[in-house]
Each structure stands twice: as C-alpha cells, then as structure tokens.
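This note's numbering numbers the first residue of the sequence shown as -9 and each following residue consecutively. We put the beta carbon where it would ideally sit given N, CA and C, even for glycine. Since the structure is predicted, the reported quantities are computational estimates derived from the model, not experimental observations.
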Amino acid sequence: MSTATPLTLRPATIADAPLLAAMHAASWQATYRRLLPSAFLENEVNAERDAYWRARMEAPGAQRRLVLIAELATPGAAPTPVGFVCVERQPESPWGVLLDNLHALPAHQGIGVGKRLMEAAQRWARDQGEAQLYLYVLDGNTPAIAFYERQGWELSGSEPDRMGGVDITALRYVYRLAAS
C-alpha cells in the first residue's frame, strides 16, 4: 500500500453495528456468490448480519475483542468506510485468538486494507500476551485463501459448518505471532 493512501483505523462502537452489518453483508454478497444460495445472499443476509452485529456489539465481554473499521479519507467529505476486522480472545480455544472477521469491501481490495487490518489484529493479540491467531475461511474462497497464505497463515484443519441453509466446510488457518 502506498504511504499516500489516507487509510485510518478506528475502534467500532455500538452505534457502528448497522455499518458493520452492511459491510459484512456486502462482502458476503460479492464473495460467496458461488458458495452460498442466491436466495440467502439476496433476501436474508442483510437482516441476518444486522441482528448478528447488533447482538455482538452489545454483548458483554467487549474487553476480550477488538473491532476496527478502516476508513479512507475523502477530501471535503466524511471518511469512507472500506473494511473492518473483529478479533476476539477465546479462553478455552487451543488455537489462540480468533480472527473472526476480516473484510475489505470489493471496490477497495488490493490497496492494503486487509493487510493493515490483519496487522492491527496481530498487534492486539500480541499485546494480550497471545502466541497464535486462528481463523476460518470457506473452502472454495480461493482469493481469501491465497491472501491468508501470502500473509504467512498455515492450514491446520477443517470443520463442517452450516451457513445460509447449506452445509459448508470451514478451513482453519493459524498464524504464529513473532515475539515482540
């Protein structure tokens, strides 16, 4: 990413739940066309993600998670939200800290948004005293898999899951944090 790109990260608040939901739904609609049913993506994902983010942002345990919104500066206007990350400590997990969401809106992919959000998640996890992060990516989401592997994530297994009313396979990737 060019240093001239005016990208900033800010902590999300409860008031950002609708924005997070809209970005999440837009990302799924663009990314999961071949992987999830069209009816779910066209008719249900917006309401489903809205309920999800409202509940998540209001849930207790906010100190165990970090949610950041990436914004691009727009001359003469409010910043434009272009992506977000959600990372959460999972005390009972053998895999470490869960990088639960990492989304760069389709029109803003390839400019370093995802990498910058991932680096912030890694810093946060390291600051929490953690040694590893993990995430799940849908089998068949080739662009995301390639992105994670380029960033040094390693495949560590898979699990069956259900999304949008269909059975899917979620691939688990892990990333060992270097000591600071």
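Could you give the distance in angstroms between the alpha-carbon of residue i and the alpha-carbon of residue j?
i, j, result
"residue -7", "residue 11", "At residue -7, the pLDDT of 46 sits below 50, so the modelled position is not reliable; the number obtained from the coordinates is stated separately. Between residue -7 and residue 11, the C-alpha separation is close to 29 Å."
"residue 151", "residue 67", "41 Å"
"residue 104", "residue 94", "6 Å"
"residue 129", "residue 109", "23 Å"
"residue 147", "residue 161", "6 Å"
"residue 155", "residue 141", "31 Å"
"residue 138", "residue 32", "27 Å"
Tell me whether residue i sits in a helix, a strand or coil according to DSSP, three-state version.
i, result
"residue 168", "coil"
"residue 95", "coil"
"residue 107", "helix"
"residue 25", "coil"
"residue 67", "strand"
For residue i, tell me which candidate among the options has the shortest Cα-Cα distance.
i, options, result
"residue -3", "55, 133, 126, 69", "69"
"residue 80", "107, 73, 118, 98", "118"
"residue 132", "109, 6, 25", "25"
Contact criterion: CB-CB distance below 9 Å. Does residue i meet it with respect to chain B?
i, result
"residue 28", "In the structure shown, chain B cannot be found, because there is only a single protein chain."
Have a look at the DSSP bridge pairing and note the partners of residue i.
i, result
"residue 163", "125, 145"
"residue 73", "60, 94"
"residue 55", "78"
"residue 35", "The partner list for residue 35 (beta bridge, DSSP) is empty, contrary to what the question assumes."
"residue 153", "156"
"residue -3", "62"
Could you tell me whether the stretch -1 to 9 touches the stretch 52 to 66, where touching means 3 or more Cβ pairs closer than 8 Å?
yes
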